[in-house]
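**Q** In the working numbering, the protein residues as written are 229 to 804. Note that the Cβ used here is the ideal one computed from N, Cα and C, for glycine as well. Shown below is the structure under consideration.
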């Protein structure tokens with residue numbers, strides 16, 4: 229079998245496997261849903277993720293040991309992962325092939341000439357490693373595996389599965405999904421200009437592999453230095469821009485094997501010998517630029533903290549998913565892959581766009597308004613799928629504070645508070661107890677205090693009374709519906725007198741639940757409303773956000789959840 233056929237089969241297999249793992253990252257009982265599938269296997273093969281988290285945390289998360297094996301194999305075989313396994317690399321190669329299959333040979337060969345731009349990815353790698361060394365992992369922004377996972381999870385799959393995988397038949401919606409999708413689309417579209425543009429000029433993982441193959445024993449190369457004619461077929465089909473017909477640019481060869489397959493004379497092979505026409509380890513790269521990038525990356529993290537830029541735009545409403553580590557350790561692990569967002573059945577875990585600061589772009593945050601519900605009490609899926617343990621695994625008993633965790637209490641995401649300037653019972657005299665009704669905590673963290681307040685324009689003159697049926701001198705002009713059970717009639721001037729619930733009001737005829745006592749002189753009465761004003765018990769609130777999600781006040785909710793209040797007493801704790 230031709231080697232390029234083997235490569236295509238391998239690429240197809242890994243792309244389909246990757247897409248399958250993205251699809252199964254949903255909660256449900258079907259065999260294709262989250263039921264033991266190793267959905268993070270592809271992400272665990274990423275040496276850049278492993279290296280960045282080691283630099284940031286000084287530990288290697290056990291599942292990332294697969295990445296060590298990939299890097300070790302790269303030292304012997306070259307950039308085989310780029311050519312045979314990388315899903316984004318395969319998509320880039322397929323896109324470029326579709327565009328160029330009818331292009332002329334001269335044009336294809338000219339587009340594959342190596343250039344200084346191929347050194348940019350090494351500068352980006354230096355910057356990302358510098359930030360990681362100071363505790364801020366930013367590799368997920370451009371690392372191809374988290375990047376394509378984020379794009380597929382948050383932008384592509386929601387286009388094809390609305391209403392199928394969501395609860396209550398609703399589709400999936402993610403904040404900033406358009407920008408995430410456009411970035412993936414731009415990467416694929418760049419292949420129309422240069423084959424595998426992202427792989428050649430931007431990919432920091434490719435740069436890491438390029439550094440690793442400097443002394444690789446097995447490589448592509450010419451078997452002899454004799455002139456091989458002017459066909460340039462090897463350069464015409466080269467995907468890495470590594471100049472296989474001349475001085476080989478070793479670090480840029482992605483082992484697409486096109487040159488080996490296309491060579492009509494068989495002078496290009498793969499073996500344990502240097503290329504007969506000579507080799508160069510790296511593309512033209514300014515060492516000064518690389519050192520500046522490394523220094524900039526190393527200084528970026530502390531400068532973000534000292535200058536406040538890291539928290540620039542970080543909102544008090546930033547709530548991390550349950551199981552998330554504290555903010556510094558979370559940013560030292562999160563690679564922005566979108567797995568936790570994809571798996572969340574309520575859609576409440578969203579990519580942070582404006583609430584998590586500069587260093588937290590596209591990291592997971594809870595958005596109770598955009599989701600289909602608050603954080604479900606019986607769900608622990610996000611902690612089971614995180615590939616780097618930025619959200620560590622936890623049990624349902626630990627989340628709810630039961631069994632062995634009863635003394636510590638439930639996991640707390642934040643604290644709800646009532647904005648009395650927007651709350652209907654507090655600010656507008658309108659009955660509403662939605663937040664108290666939907667609070668899932670037992671005993672409830674939201675209680676109500678009942679008060680009776682006069683309705684504006686609710687003073688009435690009673691012309692006649694026949695038991696519980698009253699004839700009013702004129703119909704009240706409040707424009708309210710009084711038959712809801714929250715409106716009462718009380719004798720005017722007697723605030724301590726017993727009020728009677730209004731059963732119905734039709735025109736100037738008013739019916740009470742029970743007859744009023746003697747109204748006294750003037751026969752006047754006032755319509756009052758029973759208001760159940762909500763109050764939050766911070767010792768019981770876990771910040772699940774069900775109250776904020778269900779609040780009927782549009783726009784800025786009248787009850788909102790903010791980060792944990794450290795001064796609060798009572799059981800429960802944030803997850804360390």
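1) Looking at the strands, I want to know which residues DSSP matches up with residue 716.
2) When you compare only the Cα positions, how much space is there between residue 567 and residue 351?
3) Could you give the C-beta distance for residue 595 and residue 403, rounded to a whole number, given that I count them as a contact under 8 Å?
4) Under DSSP, the beta strand (DSSP E) around residue 681 begins and ends at which residues?
5) Residue range of the beta strand (DSSP E) that residue 737 falls in?
6) Verify whether the separation of the beta carbon atoms of residue 357 and residue 283 is less than 8 Å.
7) Within the same chain, show all residues whose beta-carbon is closer than 6 Å to that of residue 798, passing over the 5 residues directly before and after it, in chain order.
8) Which whole-angstrom value describes the C-beta separation of residue 491 and residue 480, a residue pair presumed to lie in contact below a C-beta threshold of 8 Å?
9) Any idea what DSSP makes of residue 286, helix, strand or coil?
10) How about the region 639-659 and the region 751-768: do they share at least three Cβ pairs that are nearer than 8 Å?
11) So for residue 275, helix, strand or coil by DSSP?
12) Could you please give the first and the last residue of the uninterrupted alpha helix (DSSP H) stretch that includes residue 435?
13) Let me confirm a value: residue 876 is counted as buried when at least 16 other C-beta atoms fall within 10 Å, else exposed. Which label applies?
14) Between residue 601 and residue 690, which are expected to be in contact by the criterion C-beta below 8 Å, what is the C-beta distance as a whole number of angstroms?
15) Using a 10 Å radius around the Cβ and a threshold of 16 neighbouring Cβ atoms, would you call residue 396 buried or exposed?
16) Please name the residue in 361, 288, 277, 313 whose C-alpha comes closest to that of residue 246.
17) If we require 3 or more residues per run, which beta strand (DSSP E) segments fall completely within the region 634-667?
18) Can you check whether the CB of residue 500 is closer than 8 Å to the CB of residue 446?
19) If you draw a straight line from the C-alpha of residue 489 to the C-alpha of residue 464, how long is it?
20) So, at 6 Å on beta carbons, what are the nonlocal neighbours of residue 327 in its own chain, with the 5 sequence-adjacent residues on each side left out?
21) For a quick check, are the C-beta atoms of residue 757 and residue 715 less than 8 Å apart?
22) Output the boundary residues of the beta strand (DSSP E) element that contains residue 443.
23) Straight-line CA distance for residue 618 to residue 562?
24) Quick one: is the Cβ of residue 741 within less than 7 Å of any heavy atom of the ligand MG?
25) Run the CB neighbour count on residue 426, radius 10 Å, all protein chains shown included, and call it buried at 16 or more, exposed below.
26) Helix, strand or coil for residue 321, going by three-state DSSP, please let me know.
27) Using the Cα positions of residue 789 and residue 553, report the straight-line distance between them to the nearest angstrom.
28) When the Cα atoms are used, what is the spatial distance from residue 613 to residue 291?
29) Locate the alpha helix (DSSP H) running through residue 366, then write down its first and last residues.
30) I need the boundaries of the beta strand (DSSP E) containing residue 578, first residue and last residue.
31) Nearest to residue 368 by CA position, among 622, 615, 671, is which residue?
32) Starting from the Cα of residue 493, find the closest Cα among 461, 685, 557, 400 and give me that residue.
33) In the DSSP output, what is residue 499 paired with across the bridge?
34) According to DSSP, simplified to helix, strand and coil, what is residue 481?
35) Can you tell me whether residue 771 is buried or exposed, with buried defined as 16 or more other CB within 10 angstroms of its CB?
36) For residue 384, which residues from the same chain have a beta carbon less than 8 Å from its beta carbon, with the 5 sequence-adjacent residues on both sides left out?
**A** Quick answer:
1) Position 488 of the chain shown, counting from 1, holds the residue named residue 716. In the DSSP output, where bridge partners are listed per residue, residue 716 has 729, 756.
2) As a working note, residue 567 is residue 339 in the chain shown. As a working note, residue 351 is residue 123 in the chain shown. So the alpha carbons of these two residues sit roughly 28 Å apart.
3) Here residue 595 refers to the residue found at position 367 of the chain shown. Here residue 403 refers to the residue found at position 175 of the chain shown. Their Cβ separation, rounded to whole angstroms, is 6 Å, which keeps residue 595 and residue 403 in contact under 8 Å.
4) Here the question's residue 681 lines up with position 453 in the chain shown. Residue 681 -> beta strand (DSSP E) spans 674-694.
5) Locating residue 737 in the chain shown gives position 509, where the first residue counts as 1. Where residue 737 is concerned, the enclosing beta strand (DSSP E) stretches over 737-740.
6) The sequence position of residue 357 within the chain shown is 129, counting from 1. The sequence position of residue 283 within the chain shown is 55, counting from 1. Contact: yes.
7) Along the chain shown, one-based indexing puts residue 798 at 570. Bear in mind that a pLDDT of 41 at residue 798, under 50, signals an unreliable position, so the number given afterwards is only what the model happens to contain. Here the set comprises 767.
8) As a working mapping, residue 491 is identified with position 263 in the chain shown. As a working mapping, residue 480 is identified with position 252 in the chain shown. Rounded, the Cβ-Cβ distance is 18 Å, inconsistent with contact.
9) For this step, residue 286 is matched to residue 58 along the chain shown. Coil, per DSSP.
10) yes
11) Counted from its first residue, the chain shown places residue 275 at position 47. Residue state, collapsed to three classes: helix.
12) For the purposes of this step, residue 435 is identified with residue 207 of the chain shown, where counting begins at 1. 432-440 is the extent of the alpha helix (DSSP H) around residue 435.
13) This structure cannot speak to residue 876, because the chain is shown only from 229 to 804.
14) Within the chain shown, residue 601 is the residue found at index 373, counting from 1. Within the chain shown, residue 690 is the residue found at index 462, counting from 1. With 8 Å as the limit, residue 601 and residue 690 do not qualify as a contact, their Cβ atoms being about 48 Å apart.
15) For this step, residue 396 is matched to residue 168 along the chain shown. Annotation note: pLDDT 44 at residue 396 (below 50); position unreliable, coordinate value reported separately. Answer is exposed; the Cβ neighbour count stays below 16.
16) Numbered from 1 along the chain shown, position 18 holds the residue referred to as residue 246. Among 361, 288, 277, 313, the Cα nearest to that of residue 246 is on 313.
17) 643-646
18) Locating residue 446 in the chain shown gives position 218, where the first residue counts as 1. Locating residue 500 in the chain shown gives position 272, where the first residue counts as 1. Yes, these two residues count as a Cβ contact at 8 Å.
19) Numbered from 1 along the chain shown, position 261 holds the residue referred to as residue 489. Numbered from 1 along the chain shown, position 236 holds the residue referred to as residue 464. Their backbone Cα atoms lie some 12 Å apart in a straight line.
20) Taking the first residue of the chain shown as position 1, residue 327 is located at position 99. Contacts found: 420.
21) Taking the chain shown and counting its residues from 1, one reaches residue 757 at position 529. Taking the chain shown and counting its residues from 1, one reaches residue 715 at position 487. For residue 757 and residue 715, yes; Cβs fall inside 8 Å.
22) The count along the chain shown starts at 1 and reaches residue 443 at position 215. No beta strand (DSSP E) contains residue 443, which DSSP labels as neither H nor E.
23) Counting from one through the chain shown, the residue named residue 618 turns up at place 390. Counting from one through the chain shown, the residue named residue 562 turns up at place 334. Approximately 5 Å between the Cα atoms of the pair.
24) By its list of ligands, the structure shown contains no ligand whatsoever, and the ligand MG lies outside what it can speak to.
25) Taking the first residue of the chain shown as 1, we reach residue 426 at position 198. Buried.
26) Indexing the chain shown from 1 puts residue 321 at position 93. Residue state, collapsed to three classes: helix.
27) Within the chain shown, numbered from 1, the residue matching residue 789 stands at position 561. Within the chain shown, numbered from 1, the residue matching residue 553 stands at position 325. Approximately 18 Å between the Cα atoms of the pair.
28) Working through the chain shown from its first residue, we reach residue 613 at position 385. Working through the chain shown from its first residue, we reach residue 291 at position 63. Their backbone Cα atoms lie some 11 Å apart in a straight line.
29) The sequence position of residue 366 within the chain shown is 138, counting from 1. No alpha helix (DSSP H) contains residue 366, which DSSP labels as neither H nor E.
30) Here residue 578 refers to the residue found at position 350 of the chain shown. Residues 577-579.
31) As a first step, residue 368 is located in the chain shown; it is residue number 140 there, counting from the start. For residue 368, the nearest C-alpha among the options comes from 615.
32) Position 265 of the chain shown, counted from the first residue, corresponds to residue 493. The candidate whose alpha carbon is nearest that of residue 493 is 461.
33) In the chain shown, residue 499 corresponds to position 271, counting from 1. Its beta-bridge partners are 447.
34) The residue you call residue 481 lines up with position 253 of the chain shown. Correct three-state label for residue 481: coil.
35) Along the chain shown, one-based indexing puts residue 771 at 543. The residue is buried, with at least 16 neighbouring Cβ atoms inside 10 Å.
36) Sequence index remark: in the chain shown, residue 384 carries index 156 (1-based). The answer, listed in chain order, is 409, 412.
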